[in-house]
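Structure, as structure tokens:
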Amino acid sequence: MANYQILTPKPARVLVIVMRYLGDVLLATPLIRSLRLAYPDAQLDVLLYDNTAAMLAGNKDIDAIISTPLRVNCKQYGVLIKRIFRRYDLVVVTQTGDRPFVYGLLAASTRVSVVPAKGLTGWWKRFFIQRWIEFDNDDTHTVLQNLKLADLLGIAKNFTVVPPQIDNSASVIPFAFLPDAYVVLHLFPQWTYKRWTLEGWLAIASYLNQLGFRVVLSGGGAQEELDYIANIAQQLPENTVNLSGQLSLAELTTIIAGAKLFIGPDTGITHLAAATAVPVIALYGPTNPVKWAPWPYGFAENNNPFNKVGCQKVNNINFIQGKAACVPCHKEGCEQHRQSYSQCLDTLSIKTIKSVIDELLLA
């Protein structure tokens, strides 16, 4: 990496554009922290989608969150453009898509961005940006990919993932009944191809109960997710706590931080759990862990924390990968669509998970 000088010394107004999923937003927080430390007096704003804004709740590094619908009408588009047009000295774009690219063009004359690799659709975007890095979907973790933008600006990198925070503990008082020894299970990723089996979750929840740990189920408010978790909850011991659909992301962060253990699939909430320092068992299948494994708490090295293949442990992350010759295939399941099954997850051993639980909770 070249030794870059800062493009705009001490910019007064900086905009970070992160327009994708919850996990993408959370994994941009080390970059946001780096910008805040480099420009302590700047107005630092973030532009993202409405449905991901909660991931930045309580983040003290940010002055303003600008959120926009995933699908905008002409009026909404006009309001947004009026708010950002040439309002910033520096724009930092973390995605390669057309929409964040256009917003970046409009918001400032000085821009750094991630761009598609040369030869791919959109590779020409680099000609409209002062400095850029190519998107790497294979060999660079998302946190490190984002921090390469800090390199472009010539500023120091900070590796801290910052989870959402509540301003005080009042909002979790209704859940103060939780015992000292509980484990949070997050059962439901957004896409089917990332799901573990119903039988597996039932077995693990029952095992934890046998060990004397209260099981707490977390989940979002979508009806399919609520129904899925309710179906599992009614098959578990009566002392199981089902909090699905009842918590904000900031409140969930507080609940997870108080747990003895978190177990979850390849989803944004597992990334969130990793940032709380609680021990995490992450269940992965087709997804490339080099790029998308949870970022270990306290990991501050400029290299990927995980290898591409195999079960691994780094700091608080116990990464469990399904076994198959094709893993990780980087595809959306065996049928290559989001509602597909993934054989590597369907055959992921309950015994393997129990063994890791024993190491973490009984040692």
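Each residue of the sequence shown is one higher than the last, beginning at -11 in the working numbering.
We put the CB at the ideal spot given by N, CA and C, even for glycine.
What beta strand (DSSP E) runs, 3 residues minimum, are completely inside the stretch 180 to 220? 202 to 206
Does the structure place the stretch 244 to 254 close enough to the stretch 214 to 233 that three or more beta carbon pairs sit under 8 Å? Short answer: they don't touch.
Between which two residues does the beta strand (DSSP E) harbouring Asp49 extend? Against the sequence shown, residue 49 aligns to sequence position 61. That residue, Asp49, is in no beta strand (DSSP E); it is neither H nor E in DSSP.
Beta-carbon within less than 8 Å of Ala262's beta-carbon, same chain only, minus the 5 sequence neighbours each way: which residues are those? Here the question's residue 262 lines up with position 274 in the sequence shown. So the list reads Val149, Val268, Ala270, Pro282, Trp283, Pro284, Tyr285, Asn304, Ile305, once near-sequence residues are dropped.
Can you name the start and end residues of the alpha helix (DSSP H) that Val344 belongs to? Position 356 of the sequence shown, counting from 1, holds the residue named residue 344. Here the alpha helix (DSSP H) through Val344 covers 338 to 349.
Whether or not the stretch 97 to 111 and the stretch 29 to 47 are in contact is what I'm after, with contact meaning three or more pairs of Cβ atoms, one per stretch, closer than 8 Å; do they touch? No, the stretch 29 to 47 does not touch the stretch 97 to 111.
Is there contact here, the stretch 167 to 178 with the stretch 305 to 317, by at least three beta-carbon pairs under 8 Å? No: the two stretches stay apart, fewer than three of their Cβ pairs being nearer than 8 Å.
Which whole-angstrom value describes the C-beta separation of Ile154 and Thr56, a residue pair presumed to lie in contact below a C-beta threshold of 8 Å? Counted from its first residue, the sequence shown places residue 154 at position 166. Counted from its first residue, the sequence shown places residue 56 at position 68. Wrong, their Cβ atoms sit about 24 Å apart, outside the cutoff.
What distance in whole Å lies between the Cβ atoms of Ile54 and Leu35, which are believed to be in contact at a cut-off of 8 Å? Here residue 35 is taken as the residue at index 47 of the sequence shown, counted from 1. Here residue 54 is taken as the residue at index 66 of the sequence shown, counted from 1. 5 Å between Cβ atoms; contact.
I need the straight-line Cα distance from Tyr76 to Tyr216, nearest angstrom please. Taking the first residue of the sequence shown as 1, we reach residue 76 at position 88. Taking the first residue of the sequence shown as 1, we reach residue 216 at position 228. Cα-Cα distance, rounded: 45 Å.
Of the listed residues Arg326, Tyr195, Leu135, nearest to Glu289 (C-alpha basis): As a working mapping, residue 289 is identified with position 301 in the sequence shown. When the alpha-carbon of Glu289 is set against those of Arg326, Tyr195, Leu135, the nearest one is in Leu135.
How long is the line joining the alpha carbons of Lys301 and Ile308, rounded to whole angstroms? On the sequence shown, position 313 is the one that residue 301 refers to. On the sequence shown, position 320 is the one that residue 308 refers to. So the two alpha carbons sit approximately 9 Å from each other.
Taking the continuous beta strand (DSSP E) assigned at Ala105, which residues delimit it? Locating residue 105 in the sequence shown gives position 117, where the first residue counts as 1. Segment: none, Ala105 is in no beta strand (DSSP E) and carries neither H nor E.
First and last residue of the beta strand (DSSP E) that includes Lys301? For the purposes of this step, residue 301 is taken as residue 313 along the sequence shown, with counting starting at 1. Its beta strand (DSSP E) spans residues 300 to 302.
Compare the beta carbon distance of Leu10 and Ile257 with 9 Å and say whether it is the shorter of the two. Taking the first residue of the sequence shown as 1, we reach residue 10 at position 22. Taking the first residue of the sequence shown as 1, we reach residue 257 at position 269. Taking 9 Å as the Cβ cut-off, Leu10 and Ile257 qualify as a contacting pair.
Considering only C-alpha positions, which residue in the set Pro151, Ser328, Leu137 is nearest to Ala26? Numbered from its first residue, the sequence shown carries residue 26 at position 38. Among Pro151, Ser328, Leu137, the Cα nearest to that of Ala26 is on Leu137.
Quick check on DSSP: helix, strand or coil for Gln223? Along the sequence shown, read from residue 1 onward, the residue named residue 223 stands at position 235. Per DSSP, reduced to three states, the secondary structure at Gln223 is coil, with no helix or strand assignment.
What are the boundary residues of the beta strand (DSSP E) that includes His174? Numbered from its first residue, the sequence shown carries residue 174 at position 186. Counting along the chain, the beta strand (DSSP E) containing His174 begins and ends at 170 to 174.
C-alpha distance - Leu3 paired with Thr130, whole-angstrom precision: As a working note, residue 3 is residue 15 in the sequence shown. As a working note, residue 130 is residue 142 in the sequence shown. One C-alpha to the other measures close to 19 Å.
Buried or exposed: Val297, going by 16 or more other Cβ atoms within 10 Å of its Cβ? In the sequence shown, counting from the first residue as 1, residue 297 sits at position 309. Its Cβ having fewer than 16 others within 10 Å, Val297 is exposed.
With the cut-off set at 9 Å, would you say Val81 and Leu141 are in Cβ contact? Numbered from 1 along the sequence shown, position 93 holds the residue referred to as residue 81. Numbered from 1 along the sequence shown, position 153 holds the residue referred to as residue 141. No. Outside cutoff.
Beta-carbon within less than 6 Å of Leu333's beta-carbon, same chain only, minus the 5 sequence neighbours each way: which residues are those? Taking the sequence shown and counting its residues from 1, one reaches residue 333 at position 345. Contacts found: Trp184, Gly273, Gly310.
Alpha carbon to alpha carbon, how far is Thr40 from Ile345? Give it in angstroms, no decimals. As a working note, residue 345 is residue 357 in the sequence shown. As a working note, residue 40 is residue 52 in the sequence shown. Each residue's alpha carbon lies about 31 Å from the other.
C-beta contact flag for Phe201 and Leu336 at 9 Å: By one-based count along the sequence shown, residue 201 stands at place 213. By one-based count along the sequence shown, residue 336 stands at place 348. No. Outside cutoff.
Cutting at 6 Å between CB atoms, please list the residues of its own chain near Leu196, excluding the five before and the five after it. In the sequence shown, counting from the first residue as 1, residue 196 sits at position 208. Closer than 6 Å at Cβ, skipping near neighbours: Val171, Val203.
Element boundaries [alpha helix (DSSP H), containing Ala262]: Here residue 262 corresponds to residue number 274 of the sequence shown, with the count starting at 1. Here the alpha helix (DSSP H) through Ala262 covers 256 to 262.
In chain order, which beta strand (DSSP E) runs of at least 3 residues are fully inside the stretch 7 to 44? 31 to 37
Nearest candidate by alpha-carbon position, reference Lys339, set Trp189, Ser206, Gln211: Locating residue 339 in the sequence shown gives position 351, where the first residue counts as 1. When only C-alpha atoms are compared, the closest one is Trp189.
What are the uninterrupted segments assigned as beta strand (DSSP E) that are 3 or more residues long and contained completely in the stretch 274 to 332, given in chain order? 300 to 302, 305 to 309
Just verifying my parser: in three-state terms, what is the DSSP assignment at Pro253? Indexing the sequence shown from 1 puts residue 253 at position 265. Correct three-state label for Pro253: strand.
Residue(s) in a DSSP beta bridge with Ile269: The residue given as residue 269 occupies position 281 in the sequence shown. Ile269 pairs with Ile251, Asn306.
Could you tell me which residues DSSP pairs with Glu122 in its beta bridges? Within the sequence shown, the letter at position 134 stands for residue 122. Its beta-bridge partners are Val103.
Can you list, in chain order, the residues of its chain with a C-beta nearer than 6 Å to that of Lys182? Leave out the 5 residues immediately preceding and following it. Here residue 182 refers to the residue found at position 194 when the sequence shown is read from its first residue. Contacts found: Pro253, Asp254.
Could you pull out every residue in the same chain whose Cβ sits closer than 6 Å to the Cβ of Val228, ignoring the five residues on either side in sequence? Reading the sequence shown from its first residue, position 240 is the one you call residue 228. Residue 228 is actually Thr in this sequence, not Val. Once the five neighbours on either side are set aside, the close Cβ partners of Thr228 are Val203, Ala221.
Taking the DSSP output, what are the residues bridged to Arg1? Numbered from its first residue, the sequence shown carries residue 1 at position 13. Beta-bridge pairing links Arg1 to Gln31.
Rounded Cβ spacing between Arg1 and Gln31 (contact assumed at less than 8 Å): Counting from one through the sequence shown, the residue named residue 1 turns up at place 13. Counting from one through the sequence shown, the residue named residue 31 turns up at place 43. Yes, Arg1 and Gln31 are in contact; Cβ-Cβ is about 5 Å, under 8 Å.
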